[in-house]
Structure formats: C-alpha cells, structure tokens
C-alpha cells in the first residue's frame, strides 16, 4: 500500500486536510471494513492527487485553453471509484462492498468510463464549468458546508457568496441542458427536450402526464430533469449521483451529517447551526453565555438538594434526593424513572448512598432541566407499565411527482449491538434505494437492517438512515414502527 503523498506547500497541506476526510468517507462506503477502507482511500488519494497536480501543471492560460476538469474533491472521489474498479479487475473484489461489485460489472458503471457524450449529464455539466464555479457548487450543495465557510475556503466575499451560488446554479443548469441535447438520445427523448426544459424552470409548473411517464422509464431524461430542476432540493442528489456514481446518495447523507457534527447541531445547549460559524466572536460569546447559565443552574440545583427537609424517610425527602445538578451526568433525564429493582420513591438513605458518586462526574455539555423539576410526591403512583423504549422521527425531506426522499431517526433507551427497524406504509409506497441500512419490503411492511458500520448504538443514542421511494395517490407518514420487534412511539 503506497504512502500518502507529501504536501508541496502550506496551501496543499490545507487542501489535503480538507479532502482526506471526504475520500475516506466514500472509501468506507465502498469496502467491507475499516482496514480496507483506509487502504482504498490511501491508494485513491495518491492517484487522485497525482492527477490533480498533473492537470494543474499542464494548464495553459488564455481563452479557449482551459482543460475540462473536476474540482479537487469530486476528482478524488472519482479516483476512489477508479481504484475500486482496478481492485475488482485485479482479483481483489472480495475487499469491496458486494453491491458495489455488482454495480462495477454493470452498464451503469460503464457509462462513467465510456464515450464522453454517453456519461451522466451532471458529470459533464460540472466538468464543463470553470473550476472555481464548480468548486463553489460542490462545496455548498454536496459537502453541505455553510456559505461563510465556503467563502473562506475559496477566497470569496461572504456578503456576496449567496448571489454567486445562485448564478453558479443557473450556469450548471445551462451546461446540463446543453449536455443533454448533445447526448446520443433517441427521437422520443429529443421531442421531449424543449418541454422538459420549460417544466423544470418553474417551481409551480405541473409535469404533463406523458412526460411524467417518459421520465419514469428513461434513465437519461430523468437524470437531466434532476439537474435542470433547481428548486425542490433535488440538486445535491443529482450532483452526487451523477458525478460519483454508486453510493452517491449515501455519501451525500454522510457529508450532511458530518457537517452537522462539526457545527454542533442538535447538541444540548448548542446554538442553531446557522449561528455557529467557526471562529466567530458571536459563537464564542454564545457558548460562553450558555456555559455560564449552566454553571449557575447547577449551583442552584445543588443548593436546593442540600437544604434540610422535614422528614428523613418521607416521600418528599426521597423526591428531593432524586434531583440531580443540571450539569450532572447524562442520567439527569432518567433519574426519576423506575428501575427493575425499585421505584423513584425508594428510601432516602439508600438513594443517597447509591447516587452520591454520580454527582461528582461533570458533564461538558449543559443538560435540560426536565428531570430537575420532577417531583415524586408522597401520593405518586409507581408506573405499572414500562414506557416505550424507542422513539421515531420520520422526516419527508423532499417530494416530487411519483417520488420522494425520507429520513428515519430512532432514539433507543438501551444499547444495541444490531438493529432492525420496521414500519408499515399506509398508501402503497415502495422503497427504492436506501443508504446506511439494507432494505426488505413485503407488501406495505418495510424492514431496514443495520449496515456493518452502524450496528452498534449507545444507550439513549440515535440511529438514522434515509431512502428514496415512489408513491401514487397519497404519501402519508407510515405507522406501526418497531425496533427489533418492540413498538416505538412516533414523534
């Protein structure tokens, strides 16, 4: 396995840092384990950087002299696909994901390496743009980076980068439309080209029935429609699928989640992602204010818990001893729940003995106050039925005529070493492609099984996966969700 190339200067060192994570993320999708993922990423990164350097060194300034090429990150992801194909050809296909191997030996893979006019229009459209414009589009749409971050990386003005992105989207649409017309399409596809262009320009235009039926059966026209329709949120998927190929949508979802993690989205006490710009004074002030509030609430809660109460063994004392500091460990949200061996109204002396060590463990993140305000009074009745051990959030991310994209997130109360999530569709929907899980559908009942890399879920952790589906008359939220056979509540 070759070593990673050495950066030639500080600029290239920063580029390596930005691109390696993307390459490794896609390589992990393509392989059967973390060791082989690192091996594939290293080989692909070495190959891709060699090609990027060669293209940069042969670039000639002047009108009409620009060599068509992809921005750095999609160029490196293309190198991952090329390296995986080389593994398959050299007898190392057992290291790759089985579904990727099937794809590599199909006509779909041949399109990416075949005649240029037969390649996906998204790939040709992006390659035909100026590299700076293409990089702006890719970083904002596929890598899902906030525009201030994109502006900083590309040296753009943050005040005007949103307008520039809108212009670049329009430019990409024009390039894809021209690429579609230049493709070797049949007479029927060509007869729909003008109508397809008109329908996809307007967010309120309805797709005629005959065109809708044609798009359902023609892969090339459907790809073109996804690239031409800038509204509706389908552009990132069209870009990722058309440039990367296999696993494009799964990669897109991974990058979105990675950006959310970097920005701290969804963490207790965290700011809204739009406000958490890296390195800004506003973000630091906000985090400092939240931390100060958490410390103050912790001190108040601790002072209340140490105040003397009337009886040492009554229910009120036990309830007060159940209180935890706001900045205490993660048990703050579950301190008042009944356990297998007791209830919240256990004797106060036993509660103090068991929970005293837990109060000494600080939590770096401020927690909510729902548990601190819970009071199990003397008249409380212990629960006779156990609450649901999982909660489901079903999000309809995008919808278009005959199709939709959705994300399922399940929060589990117990740690999992493997999982299956099932649900029942109400309107006969059908699941197509799924990422971060393996899908099986029997009539309206769907089962999603964990992938190898996300089988393990910590207690009170959340698992998530997404899919593309089709619908006809209606597309209501499914019901009867279960986790490993146990029913879940739906939020």
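Numbering (our numbering), first residue to last: -7 to 483.
Positions of the beta carbon are idealized from the N, C-alpha and C atoms, including for glycine.
Outcome for residue i when other beta-carbon atoms lying within 10 angstroms are tallied against a minimum of 16
i, result
"residue 66", "buried"
"residue 17", "buried"
"residue 83", "exposed"
"residue 36", "buried"
"residue 156", "buried"
"residue 370", "Reliability of the predicted coordinates at residue 370 is poor, the pLDDT of 37 falling under 50, and the value obtained from them is presented with this limitation in mind. Burial call: exposed."
"residue 63", "buried"
"residue 271", "The predicted model places residue 271 with a pLDDT of 40, which falls under 50 and marks its position as unreliable; any figure quoted below should be read in that light. It is exposed - the Cβ of residue 271 has fewer than 16 other Cβ atoms within 10 Å."
"residue 70", "buried"
"residue 119", "buried"
"residue 28", "buried"
"residue 11", "buried"
"residue 475", "buried"
"residue 416", "exposed"
"residue 89", "buried"
"residue 247", "buried"
"residue 73", "buried"
"residue 195", "exposed"
"residue 440", "buried"
"residue 421", "buried"
"residue 40", "buried"
"residue 201", "exposed"
"residue 25", "exposed"
"residue 78", "exposed"
Residues near residue i by beta carbon distance below 7 Å, same chain, minus five either side
i, result
"residue 146", "124, 127 and 128"
"residue 173", "185"
"residue 486", "In the structure as shown, the chain starts at -7 and stops at 483, and residue 486 therefore has no counterpart that could be examined."
"residue 199", "191 and 393"
"residue 109", "174, 175 and 176"
"residue 23", "29, 32, 87, 88 and 89"
"residue 442", "410, 411 and 429"
"residue 103", "110, 111 and 112"
"residue 515", "What is shown of the chain runs -7 to 483, which leaves residue 515 out entirely."
Neighbourhood of residue i by C-beta distance below 8 Å, restricted to the same chain and skipping five residues each side
i, result
"residue 189", "169 and 220"
"residue 121", "129, 160, 163, 164 and 167"
Beta-carbon gap between residue i and residue j smaller than 7 Å
i, j, result
"residue 231", "residue 114", "yes"
"residue 501", "residue 381", "This structure cannot speak to residue 501, because the chain is shown only from -7 to 483."
"residue 228", "residue 133", "yes"
"residue 151", "residue 139", "no"
"residue 225", "residue 218", "no"
"residue 95", "residue 242", "no"
"residue 387", "residue 399", "yes"
"residue 395", "residue 245", "no"
"residue 456", "residue 414", "no"
"residue 215", "residue 112", "yes"
Proximity test, Cβ basis, 7 Å: residue i and chain D
i, result
"residue 439", "The chain labelled as chain D is not found in the depicted structure, where only one protein chain is given."
Own chain residues within Cβ distance below 6 Å of residue i, not counting five before or after
i, result
"residue 117", "164, 167, 168 and 171"
"residue 460", "397, 424 and 425"
"residue 405", "381"
"residue 403", "383 and 454"
"residue 484", "This structure does not reach residue 484, given that the chain is present from -7 up to 483, and the question cannot be answered."
At least 3 beta-carbon pairs within less than 8 Å: the stretch 191 to 206 vs the stretch 228 to 243: no
contact_flag[the stretch 462 to 482, the stretch 441 to 451] where n(CB pairs < 8 Å) is 3 or more: no
Any alpha helix (DSSP H) of 4 or more consecutive residues that is wholly inside the stretch 450 to 476: none
Segments of 4+ residues assigned as alpha helix (DSSP H) that fall wholly inside the stretch 188 to 261: 201 to 209, 211 to 220, 227 to 235 and 240 to 255
Alpha helix (DSSP H) runs wholly inside the stretch 25 to 81, at least 4 long, in chain order: 26 to 49 and 64 to 81
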